[in-house]
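Working notes, beginning with the structure itself.
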Amino acid sequence: MSKPTPISGFPEWTPAQRMIEQYVLDRIRGTFELYGFAPLETRAVEPLDQLLRKGETSKEVYLIRRLQADPDTSPAGDDQLGLHFDLTVPFARYVLENAGKLQFPFRRYQIQKVWRGERPQEGRYREFVQADIDIVDRDTLPAHYEAEMPLVIGDALRSLPIPPVTIQLNNRKICEGFYRGIGLTDPAAALRAVDKLDKIGPAKVAELLAETAGASEAQAKACLALAEISAPDASFADAVRALGVTDPMLDEGVEELVRVMDAAAAHSPGLCVADLRIARGLDYYTGTVYETQLAGYERFGSICSGGRYDDLASSGSVRFPGVGISIGVTRLLGLLFGAGALSVSRDVPTCVLVAVTNSEERAASNAVADALRSRGVPTEVSPSAAKFGKQIRYAERRGIPYVWFPGADGDQVKDIRSGEQVAAAAGEWTPPRADLKPLVS
RNA sequence: GUGGCUGUAGCUCAGUUGGCAGAGCACCGGGUUGUGGUCCCGGUUGUCGUGGGUUCAAUUCCCAUCAGUCACCCCA
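Position in the first sequence (first residue = 1) + 9 = our numbering.
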């Protein structure tokens with residue numbers, strides 16, 4: 010058999026990297042639960058029509074089918090199943106399906122894999138993990154929930170050994186109201202153009218605005234002036250008003266974003282910045298939108314984004330407006346792994362390796378291991394009764410900090426980092442707290 | 001999905017104007033009949049990403065493909 014090769018866009022980490030990932034996921038989950046979000050997992054597949062309900066990205070959906078499927082009777086078109094490519098759409102479907110069993114407002118977190126058939130590159134994958142929180146309510150959703158999202162994310166990301174993050178905020182109503190206020194008729198096209206400001210610069214954006222959104226020179230100039238507003242606090246509102254455009258939706262959006270900025274400033278100064286060029290998905294966000302930059306990794310784009318949606322879930326006359334945000338865990342890890350910026354103190358969970366004196370006495374070593382494990386110390390027994398030097402080396406190669414030597418005259422445990430060796434009893438000895446589990450840094 | 005660049009040992013990379021495939025690090029064994037890391041000696045790294053073509057001969061030239069990466073597209 011020829012050597013297997015990777016599949017493009019489907020990353021597989023080493024055990025050490027997986028330990029880091031699990032640590033990161035634990036911290037994120039802990040923060041989500043600290044804020045009272047309830048856990049949820051939805052199935053991996055949704056009917057195709059659900060997946061395509063919003064957005065025009067059908068080409069990126071992975072469809073599933075049975076190898077033995079009969080083409081005459083198997084589902085086609087909208088009845089086909091596809092792998093979900095975010096967690097918000099499945100969640101919206103779940104809320105509609107289970108509305109009768111849920112208490113509203115409903116806050117849930119969901120940490121799962123999603124799949125997108127994109128062309129992969131660094132920090133961009135076809136199979137990846139998202140850590141998502143959403144809050145939905147029935148009929149109306151108070152705006153203060155839009156202010157809560159960045160606080161949760163700020164706490165979650167700041168609990169990790171990663172560079173500082175900045176959450177960039179905008180409000181869709183500001184853009185749409187402003188565009189309407191200056192007489193632009195295609196806000197989506199205008200947003201799409203403005204979103205490229207960082208990449209192609211103001212002159213090209215102005216051209217694009219003229220071409221795709223039918224903007225006059227003055228309108229393009231106004232759009233750029235709005236997009237260039239950026240402030241670490243609520244003062245962005247003054248800059249918007251200084252542009253002299255009036256529109257009810259614009260005023261509403263400014264007011265909402267001011268409240269979000271004020272809440273963020275009170276909770277963690279410096280976390281958020283109002284950045285009126287942020288566009289995000291054009292298809293369904295209706296209020297605040299979020300993007301997140303990791304210091305030093307700006308060129309790779311946002312590692313955490315989301316926004317408010319009013320129209321994603323509705324059934325008959327009942328609407329379920331919501332707001333959500335999602336951490337791109339795989340992207341975050343992929344970037345940091347690529348830079349060698351995350352490490353773990355050992356390659357295995359093992360804290361203690363129990364040496365085997367000779368093969369007849371393996372049972373004695375097993376007994377020591379049992380005693381240590383029963384008190385929560387991750388322990389493995391040496392694979393062979395090789396010379397002690399080799400058994401120590403086995404531990405050293407894996408980063409296992411302690412080697413235990415059973416002895417007729419009493420046991421000894423050695424810290425192989427310092428070389429210090431002391432008498433110990435398996436029923437009593439405990440490693441320092443810091444050595445119990447692998448340390449991520 | 002479109003286009004560019006890259007692909008030699010576990011890692012970092014040399015190399016052949018087409019003629020048996022190399023170095024450092026790492027790894028394994030021994031020096032050191034039972035306590036590693038230093039030192040000394042010795043050893044293995046490999047379908048030269050994969051498949052085809054040209055050729056007496058291809059790791060080298062050509063085509064395709066896969067993977068990585070970059071730009072575009074998109075980003076729920």
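We put the CB at the ideal spot given by N, CA and C, even for glycine. Note that the structure is predicted; figures quoted are calculated from it, not measured.
In the structure shown, the three-state DSSP call for LYS396 is coil. Counting C-beta pairs with one atom in each stretch, the segment 409-420 and the segment 429-437 have three or more that are closer than 8 Å, which means they touch. VAL282 is positioned such that its CB atom lies closer than 7 Å to that of GLN177.
When C-alpha distances from GLY109 are compared across PHE137, ARG133, ASP146, HIS93, the shortest belongs to ASP146. In the displayed model, LEU92 falls within a strand according to three-state DSSP. In this model, GLU220 and PHE94 are separated by some 32 Å (Cα to Cα).
Residue burial annotation: ILE73 is exposed, with fewer than 16 other C-beta atoms found within 10 angstroms of its C-beta. Straight-line spacing of the CA atoms in TRP124 and ARG27 works out to 19 Å. Taking C-beta atoms as the reference points, GLY18 and PRO129 count as a pair closer than 7 Å. Contact between the segment 201-217 and the segment 317-333 is absent, with fewer than three C-beta pairs closer than 8 Å.
Uninterrupted alpha helix (DSSP H) stretches at least 4 residues long and entirely within the segment 197-223 occur at 206-222, given in chain order.
The criterion of a C-beta distance shorter than 7 Å is not satisfied by VAL361 and ALA394. Here GLN59 is not near SER335, since their CB atoms are 7 Å or more apart. Pairing VAL70 with VAL98, the inter-Cα distance amounts to about 13 Å. Minimum Cα-Cα distance from HIS276 among the listed residues ALA215, SER427, ASP79, GLU157 corresponds to GLU157. In this model, ARG286 and ARG407 are separated by some 48 Å (Cα to Cα). For ARG147, the three-state secondary structure derived from DSSP is coil. DSSP places GLN228 inside the alpha helix (DSSP H), whose first and last residues are 226-236. A straight-line Cα-Cα distance of about 14 Å links ALA240 and ALA251. The beta-carbon separation of PRO170 and LEU351, rounded to 7 Å, stays under the 8 Å limit for a contact.
When C-beta atoms of the segment 294-313 are compared with those of the segment 337-348, three or more pairs fall below 8 Å, so the two segments count as touching. Of all C-beta pairs linking the segment 363-382 to the segment 187-194, fewer than three are shorter than 8 Å, placing the two stretches out of contact. Its Cα nearest to that of GLY349, the residue PRO172 stands out among GLU389, VAL214, PRO172. Between ASP195 and ALA222, the beta carbon gap of about 5 Å places them in contact (Cβ cut-off 8 Å). Contact between PHE137 and THR339 holds, with the beta-carbon distance rounding to 3 Å and staying under 8 Å.
For TYR103, there is no enclosing beta strand (DSSP E); the residue is part of the alpha helix (DSSP H) that begins and ends at 97-107. Linking LYS213 to ARG75 through their CA atoms gives a straight-line distance of about 48 Å.
Within the segment 276-325, the complete beta strand (DSSP E) runs of at least 3 residues fall at 281-284, 294-303, 313-318.
Contact check for GLY279 against ILE312 fails: the beta carbons are separated by 7 Å or more.
Here DSSP, grouped into helix, strand and coil, assigns ARG426 to coil. VAL431 is classed as exposed because its beta carbon has fewer than 16 other beta carbons within 10 Å across all chains shown.
LYS182 sits buried, since 16 or more C-beta atoms from the chains shown fall within 10 Å of its C-beta.
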